[in-house]
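Here the structure is laid out as structure tokens; the discussion comes afterwards.
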Amino acid sequence: MKLTTYLNFDGNTREAFEFYAGLLGGKVVAMMTYGDTPGCENMAEADRNKIMHARLEIGGDALMATDSTPDYPYHKIRCAYVVFDADSSEDAERIFAALSAGGAVEMPMQETFWAHRYGITVDRFGVPWMINHAKPMPAG
Numbered sequence: 001m002k003l004t005t006y007l008n009f010d011g012n013t014r015e016a017f018e019f020y021a022g023l024l025g026g027k028v029v030a031m032m033t034y035g036d037t038p039g040c041e042n043m044a045e046a047d048r049n050k051i052m053h054a055r056l057e058i059g060g061d062a063l064m065a066t067d068s069t070p071d072y073p074y075h076k077i078r079c080a081y082v083v084f085d086a087d088s089s090e091d092a093e094r095i096f097a098a099l100s101a102g103g104a105v106e107m108p109m110q111e112t113f114w115a116h117r118y119g120i121t122v123d124r125f126g127v128p129w130m131i132n133h134a135k136p137m138p139a140g
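Just so you know, my numbering puts 131 at position 131 of the sequence shown, and the rest follows in order with no gaps.
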């Protein structure tokens, strides 16, 4: 079994996923518009060009997403975060800085008892992120 995060964007799924793919070293493996799917012939032209389904693969994990439509309006994400575990403190700093640009830092990047580097930011697309470069944890 797998657990996958599915995000909802305010019309900028394509831009967000292209940015994330470049930043995180992932690959966009699906990007389908509403107009590409059956049953959407009567949708407004602007909505037909929105993304109905996108999938970004990063290592063995995936993010999926859709653009909101008038029938399913956009609501900002609250009380949930996408967590990225970086392989190094340098990667954590680089990724955090890129995600923070044009967004809002909730907790600046810093050392914690569980991480060499840890920070929380909401990116310019409205997605909340926790960026972490973990310290070894004791077994038990």
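For every residue, glycine included, the Cβ atom is placed at its ideal position computed from N, Cα and C.
- A check of alpha carbon separations from Asp91 across Leu23, Val105 and Lys135 identifies Leu23 as the nearest.
- Each residue's CA atom was taken as its position, placing Pro108 and Ile131 some 10 Å apart.
- Residue nearest to Thr37 within the set Asn49, Val29 and Lys27 is Asn49 (criterion: CA-CA distance).
- In the DSSP annotation of this structure, the continuous segment of the alpha helix (DSSP H) that includes Leu23 starts and ends at Thr13 to Leu24.
- Between the alpha carbons of Ile77 and Pro128 lies a distance of about 7 Å.
- Straight across, the Cα-Cα distance linking Val29 with Ala16 is about 14 Å.
- Taking C-beta atoms as the reference points, Thr13 and Asp47 fail to come closer than 8 Å.
- Its Cα nearest to that of Cys79, the residue Thr121 stands out among Thr4, Thr121 and Phe113.
- For Arg124, there is no enclosing alpha helix (DSSP H), as DSSP marks it with neither H nor E.
- With the rule of 3 Cβ pairs closer than 8 Å, the segment 56–74 counts as touching the segment 3–10.
- Look at Tyr34 here: in three-state DSSP terms it is helix.
- The three-state reading of DSSP puts Glu90 in helix, counting H, G and I together.
- Shown here for Asp85: same chain residues with a beta carbon closer than 8 Å to its own, the five before and five after excluded, namely Asn132, His133 and Ala134 in chain order.
- Assigned with DSSP and collapsed to three states, Ile95 falls in helix.
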